[in-house]
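Okay, so the sequence shown: first residue is 1 according to UniProt numbering, each after it adds one.
Each residue gets a CB set at the ideal place from its N, CA and C atoms; glycine is no exception.
These figures come from a predicted structure and were not determined experimentally.
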Amino acid sequence: LILTVLIAELIILVAALDRIAPIVDFFFLMCYAFINLACFLHSILGAPNWRPRFKCYHWTLSLLGTLLCLFIRFSTHWIYALIVTLLWGMIYKYVSGKGDKKEWGDGMTGLILSTAQFSLSKLDDKQPHPKNWRPQLLLIANLPLAENWRQNETTRKLLSLASQLKKGRGLTVAVALHKGQSTNKNAK
Numbered sequence: 001l002i003l004t005v006l007i008a009e010l011i012i013l014v015a016a017l018d019r020i021a022p023i024v025d026f027f028f029l030m031c032y033a034f035i036n037l038a039c040f041l042h043s044i045l046g047a048p049n050w051r052p053r054f055k056c057y058h059w060t061l062s063l064l065g066t067l068l069c070l071f072i073r074f075s076t077h078w079i080y081a082l083i084v085t086l087l088w089g090m091i092y093k094y095v096s097g098k099g100d101k102k103e104w105g106d107g108m109t110g111l112i113l114s115t116a117q118f119s120l121s122k123l124d125d126k127q128p129h130p131k132n133w134r135p136q137l138l139l140i141a142n143l144p145l146a147e148n149w150r151q152n153e154t155t156r157k158l159l160s161l162a163s164q165l166k167k168g169r170g171l172t173v174a175v176a177l178h179k180g181q182s183t184n185k186n187a188k
């Protein structure tokens, strides 16, 4: 709000829109660049809730849009582009510096930890929607030593099958079983 008031006040005081227009354009280009960057990251990370409706969508279009916005900014008025980038950097530093560093460390780690804790506590409360379903596999291998799982051909094939079943998106827990008495202190 303060930034909008400052830009409007500059336009009124300067009375020359030609000087302020590139800065406003650069803020819009930054907005479009970050929207394209968010689309690119959602596509690359494979977020289950990311389903673009555009029929011809591909992640390269989002990356191209981001790069074009950056290119246009710096090719038209590189000095204004630097000013807007510095303003954006100062705003980012100000916002990131306001995070609670006493209890959680930096603000982003705290956000990640609290989001993970909240998400884990909500897992049992409701069933996931079918479109958000991800496979969760339990792979049980009978090995003489846990360190030999890479040399065991059967286990490697099971891990490969689990990877193909979940297509790199789900969760696989691999467990190695050891034969022997659990009460024996000398058993390895």
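Going by beta carbon distance, what residues of the same chain come within less than 8 Å of residue 44, once the five residues before and after it are set aside?
Sequence index remark: in the sequence shown, residue 44 carries index 44 (1-based). Here the set comprises 59.
Alpha carbon to alpha carbon, how far is residue 53 from residue 152? Give it in angstroms, no decimals.
By 1-based counting over the sequence shown, the position of residue 152 is 152. By 1-based counting over the sequence shown, the position of residue 53 is 53. Computed Cα separation, rounded: 45 Å.
If you compare alpha carbons, which of 51, 30, 28 is closest to residue 39?
As a first step, residue 39 must be located in the sequence shown, where it is residue number 39. Each of 51, 30, 28 was checked against the Cα of residue 39, and the nearest Cα belongs to 51.
Determine, using beta carbons only, whether residue 69 and residue 21 come nearer to each other than 8 Å.
The count along the sequence shown starts at 1 and reaches residue 69 at position 69. The count along the sequence shown starts at 1 and reaches residue 21 at position 21. Between residue 69 and residue 21, the C-beta gap is not smaller than 8 Å, which leaves the two residues out of contact.
Hey, which unbroken runs of the beta strand (DSSP E) at 3 residues or more fall wholly within the stretch 8-42?
None, since the stretch 8-42 contains no complete beta strand (DSSP E) of that length.
Exposed or buried, which one is residue 116 when buried takes at least 16 other CB atoms within 10 Å?
Against the sequence shown, residue 116 aligns to sequence position 116. With fewer than 16 other CB atoms across the displayed protein chains lying within 10 angstroms of its CB, residue 116 is exposed.
Out of 27, 163, 9, state which residue places its alpha-carbon closest to the alpha-carbon of residue 81.
For the purposes of this step, residue 81 is identified with residue 81 of the sequence shown, where counting begins at 1. Per the Cα distances, 27.
Counting only the same chain and skipping the five closest in sequence on each side, list residues whose C-beta sits under 8 Å from that of residue 23.
One-based indexing of the sequence shown puts residue 23 at position 23. Within the same chain, residue 23 has close Cβ partners 7, 80, 83, 84.
Given residue 140 as reference, the closest of 175, 67, 169, 133 once Cα atoms are compared
Position 140 of the sequence shown holds residue 140. Comparing Cα positions, the closest option is 175.
6 Å CB neighbourhood of residue 61 in its chain, flanking five on each side removed:
Translated into positions along the sequence shown, residue 61 becomes position 61. Counting only Cβ-Cβ distances below 6 Å, and skipping sequence neighbours, we find nothing.
Simplified DSSP state of residue 136, which is helix, strand or coil:
Position 136 of the sequence shown, counted from the start, is the residue given in the question as residue 136. Correct three-state label for residue 136: strand.
Do residue 137 and residue 165 have their C-beta atoms within less than 8 Å of each other?
As a position in the sequence shown, residue 137 is number 137, starting the count at 1. As a position in the sequence shown, residue 165 is number 165, starting the count at 1. In this structure, residue 165 lies closer than 8 Å to residue 137 by Cβ.
Can you say whether residue 19 is buried or exposed, counting buried as having 16 or more other CB atoms within 10 angstroms of its CB?
As a position in the sequence shown, residue 19 is number 19, starting the count at 1. It counts as exposed.
Using the DSSP secondary-structure output, state which residues sit across from residue 84 in a beta bridge.
Translated into the one-based positions of the sequence shown, residue 84 becomes position 84. BP columns for residue 84 are empty, so no partner.
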